[in-house]
Amino acid sequence: MDSLEDICKEATFKKVYNTYNKEVWRFIYYKCGNTAQADDLVQDAFIKLWQNCAKTPLAKAKSFLYTITNNAFLNEIAHKKVVLKHAKAQPNRINSESPEYVFEEKEFNQKIENAIANLTEGQRTAFLLNRIEGKKYAEIATLLDISVKAVEKRMSQALASLRKEIGNV
Amino acid sequence: MDLENLLHKWLNGTATPEEVTQLKASPEYASYLEISAATAHLKTPEVASDQNYKAIASQLQPKNNVRKLFPVRNLLKIAAVLAIFVVGYLYVDSLDTTIHSQIAKKETFTLPDSSEVALNANSTITYNKNNWNSQRTLNLQGEAYFKVTKGNTFSVKTPLGTVTVLGTQFNVFSRDKQFNITCYEGLVSVAYNDTLIKLPAGSQLSIENNTLIKHANAFAPFPSWTANESSFENADLAAVLEELERQYPIQLTATFSNANRRFTGSFTHTDLTLALKSICDPLQLAFTIEDERVTIYANKSQ
């Protein structure tokens, strides 16, 4: 194995960490909605990657991390309501709008947050991976180990559920 | 194309502007687009990357020191140590056994076939105990008395010749050019040069300076030296004094001129003064003892 691709080398491991730690962390966060748990699971996942560094080629590190966190989540984490904090959210329409509209916008966002918290874990993870992470359906299907059709279904269900809660805008 | 598929196309980022217009025409799908667009602006909390890495790094150090285990390598180590022991044991085991008696000491021991050997002073026996039962052969330098149990051929090799028996009691003396075999029981065959001599019980064979002397020796049932006494019959005095030096830790000086005397008699191995008297008195010699130095001289007063 090329030494640059050897995850057992700490420099390579650090590079893998810098590349993937944030998206893996958010992936868990979409599932459990708890930052402390997301921290723990990310740490566990990377320690497991280190322990299995000899068996894991660099190309498989990403899917290894997702699989480990996904399994750990399914095994250990009690399903909780996810409340996304979006205090820093910056809707792009805010600048040119009237104060009245700004208020409506905030109210609208508040509604979305609550509605997302009420989605099922599967729907929410797929939906947020697509919306926030900008991942394509095929990629989401791989990460969650489901079919593209299932992703489509979850997306449709998520949108229908959100619209039902928020009402027609 | 139905709107649901267009929606997924849009969510995947591959919808054309016309298709977006098409979606926006439907109030239901327009609101989907609105919700989806608003969701995209939601922010997740900042990830504490550095802090998490510190927690991970604290667990990485031991792994760096972990060497890949090769069970085979460990097995090889064990096997090598065992091999050293086994080879060492086999080597030591295959070595000849040597039994040596010091001056003034006699050794009695039993061979692997329970034959008994009495080793007179300053003598050496070498034999190999591993193939003893198939080949009863030993090397002798000096004098020894054998009580051989019945069995295979029993051979005593000496620099002067080989004594072979089947089961008997016999004495072998082999020093310098003197080669004496005395048979006390059974039959002994002596190979000397190219001749094979059968020696029956109660007879003695002496080879002295290439001369064969065979004579009856019926006076004792066992060699006298095994009873701590050396017996001689018409023996050269020099040989008698040599034997005395083997039985006592002394430095012997003989100052008398006529050394070519013969001696018949015996001396004990337990009392030096008595032994010297036994030798000197009949030959009209005198002696002095100073510590371990013994001088024998002609007794001029007589």
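Chains A and B supply the protein sequences, listed in that same order.
Residue 1 is where the first sequence starts when you use the UniProt record's numbering, and the numbers rise one by one after that.
Residue 1 is where the second sequence starts when you use the UniProt record's numbering, and the numbers rise one by one after that.
The beta-carbon is built from N, C-alpha and C at its ideal position, and this holds for glycine as well.
For the alpha helix (DSSP H) containing residue i, list its first residue and its last residue.
i             : result
residue 9/A   : No alpha helix (DSSP H) holds residue 9/A; DSSP gives it neither H nor E.
residue 22/B  : 17-24
residue 165/A : 148-166
residue 46/A  : 35-51
residue 56/B  : 49-57
residue 142/A : 137-144
Would you kindly check if the distance between the Cβ of residue j and the Cβ of residue i is under 8 angstroms?
i             : j             : result
residue 103/B : residue 246/B : yes
residue 230/B : residue 243/B : yes
residue 118/A : residue 152/A : no
residue 149/B : residue 191/B : no
residue 169/B : residue 185/B : yes
residue 16/A  : residue 52/B  : no
residue 25/A  : residue 47/B  : yes
residue 283/B : residue 248/B : no
residue 131/A : residue 39/B  : yes
residue 306/B : residue 182/B : One cannot answer for residue 306/B here, as it falls past the ends of chain B, which runs 1 to 302.
residue 106/B : residue 119/B : yes
residue 64/A  : residue 28/A  : no
residue 252/B : residue 241/B : yes
residue 58/A  : residue 5/A   : yes
residue 145/B : residue 226/B : yes
residue 23/B  : residue 33/B  : yes
residue 205/B : residue 196/B : no
Could you check what DSSP says for residue i in three-state terms: helix, strand or coil?
i             : result
residue 115/B : coil
residue 162/B : strand
residue 89/A  : Bear in mind that a pLDDT of 42 at residue 89/A, under 50, signals an unreliable position, so the number given afterwards is only what the model happens to contain. Looking at residue 89/A - three-state DSSP - the assignment turns out to be coil, as it is neither helix nor strand.
residue 131/A : helix
residue 74/B  : helix
residue 169/A : With a pLDDT of 49 at residue 169/A, under the threshold of 50, the predicted position of this residue should be treated as unreliable, and no value is reported.
residue 223/B : coil
residue 171/B : strand
residue 121/A : helix
residue 153/B : coil
residue 198/B : strand
residue 207/B : strand
residue 32/B  : helix
residue 96/A  : Residue confidence is low: residue 96/A scores 48 on pLDDT, short of 50, so the model does not pin down where it sits. Its coordinate-derived value is still stated next. Correct three-state label for residue 96/A: coil.
residue 246/B : helix
residue 105/B : coil
residue 54/A  : coil
residue 8/B   : helix
residue 239/B : helix
Which bits of chain A does residue i rub up against, with CB to CB less than 7 angstroms?
i            : result
residue 44/B : 26, 29, 84, 132
residue 59/B : 47
residue 40/B : 131, 132
residue 11/B : 130, 155
Note down, in chain order, every chain B residue with its Cβ under 7 angstroms from the Cβ of residue i.
i             : result
residue 42/A  : 52
residue 22/A  : 47, 49
residue 35/A  : 45
residue 144/A : Neighbours of residue 144/A on chain B: none; closest Cβ ~16 angstroms, over 7 angstroms.
residue 162/A : 35
residue 166/A : 35
In chain B, what lies closer than 9 angstroms to residue i by C-beta?
i             : result
residue 114/A : Correct list: empty, because the minimum Cβ distance to chain B is about 12 angstroms.
residue 17/A  : 49, 52, 53, 56
residue 39/A  : 47, 48, 51, 52, 55
For a contact defined as C-beta to C-beta under 8 angstroms, what are the partners of residue i on chain B?
i             : result
residue 124/A : Those do not exist, as residue 124/A stays about 10 angstroms from chain B at its closest Cβ, beyond 8 angstroms.
residue 136/A : 12, 13
residue 152/A : 8
residue 108/A : 38
residue 159/A : 7, 32, 35, 36
Could you name the residues of chain A that residue i contacts, counting a contact when the two beta carbons are closer than 9 angstroms?
i            : result
residue 75/B : Residues of chain A passing the Cβ test: none, with the nearest at roughly 21 angstroms.
Could you check where the beta strand (DSSP E) with residue i kicks off and where it finishes?
i             : result
residue 183/B : 178-185
residue 236/B : 229-236
residue 127/B : 124-127
residue 139/B : 136-147
residue 348/B : Nothing about residue 348/B can be reported from this structure: the residues present for chain B run from 1 to 302 only.
residue 254/B : 251-254
residue 100/B : 97-100
Open item on the list: What are the residues in the stretch 17-37 of chain B lying within 7 angstroms of chain E by C-beta distance?
Closed with: Checking the listed chains, one finds no chain E in this structure; the protein chains it contains are A and B.
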